[in-house]
Amino acid sequence: MDEPISFKLMTPRREVELADMNPKHRLVLTGSHQMGAWNAMLRPSYFSAWKACRFQDNSCGDLDSFDGGVIVDAEVGYTFAERYQLSVGAQNILDSVPEAAPEETAGQGNLRPESTPWDYNGAFWYTRLFAEF
107 MDEPISFKLM TPRREVELAD MNPKHRLVLT GSHQMGAWNA MLRPSYFSAW KACRFQDNSC
167 GDLDSFDGGV IVDAEVGYTF AERYQLSVGA QNILDSVPEA APEETAGQGN LRPESTPWDY
227 NGAFWYTRLF AEF
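Everything in the sequence shown is counted per my numbering, starting at 107 for the first residue and increasing by one.
Pasting the structure below:
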């Protein structure tokens, strides 16, 4: 019983993900405007270069480097009957997607890395109805 019992809370891969895979810099600017019953929001976001594990290896020994990018979110809404708001918007309206990692695509069929600073599926459009009670 002289030996201490120890265990790691994170896998080697998770340690690399936290230390090396996140962009070093991120800038988010949000602008919103309201005029009468109408409102609008525009949010550009910049991400500097980042890295991703190749082949989703548990040790994350091979990292691929990717250039940074800009995504833009936008939303327009209209308030009616004093307590309802209907909005239409998009996340990543420019449909920015990370470049493919050729070796991983050839080896596993992944078109894009799974770990990205923004959603690797591209643009996401939505409609929202908000009610205030």
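All C-beta atoms, glycine included, are put in the ideal place defined by N, C-alpha and C.
Roughly how many whole angstroms lie between the Cα atoms of residue i and residue j?
| i | j | result |
| --- | --- | --- |
| residue 170 | residue 145 | 41 Å |
| residue 205 | residue 135 | 24 Å |
| residue 234 | residue 177 | 21 Å |
| residue 225 | residue 216 | 14 Å |
| residue 111 | residue 194 | 54 Å |
| residue 237 | residue 139 | 20 Å |
| residue 167 | residue 158 | 10 Å |
| residue 213 | residue 219 | 12 Å |
| residue 125 | residue 108 | 33 Å |
| residue 190 | residue 181 | 16 Å |
| residue 128 | residue 116 | 16 Å |
Considering only the alpha carbon of each residue, which of the options lies closest to residue i?
| i | options | result |
| --- | --- | --- |
| residue 137 | 151, 129 and 126 | 151 |
| residue 130 | 189, 154 and 213 | 154 |
| residue 188 | 148, 143 and 147 | 143 |
| residue 184 | 156, 116 and 141 | 141 |
| residue 175 | 208, 121, 222 and 114 | 222 |
| residue 149 | 172, 114, 197 and 118 | 197 |
Under the rule that 16 or more other beta-carbon atoms within 10 Å means buried, what is residue i, buried or exposed?
| i | result |
| --- | --- |
| residue 231 | exposed |
| residue 227 | exposed |
| residue 164 | exposed |
Under the DSSP definition of a beta bridge, which residues are partnered with residue i?
| i | result |
| --- | --- |
| residue 153 | 132 and 175 |
| residue 207 | DSSP, once it has assigned bridges, lists no residue as partnering residue 207. |
| residue 183 | 145 and 193 |
| residue 159 | 169 |
So residue i and residue j are supposed to be a Cβ contact under 8 Å. How far apart are they, rounded?
| i | j | result |
| --- | --- | --- |
| residue 160 | residue 121 | Going by Cβ atoms, the distance from residue 160 to residue 121 rounds to 16 Å, so no, they are not a contact pair. |
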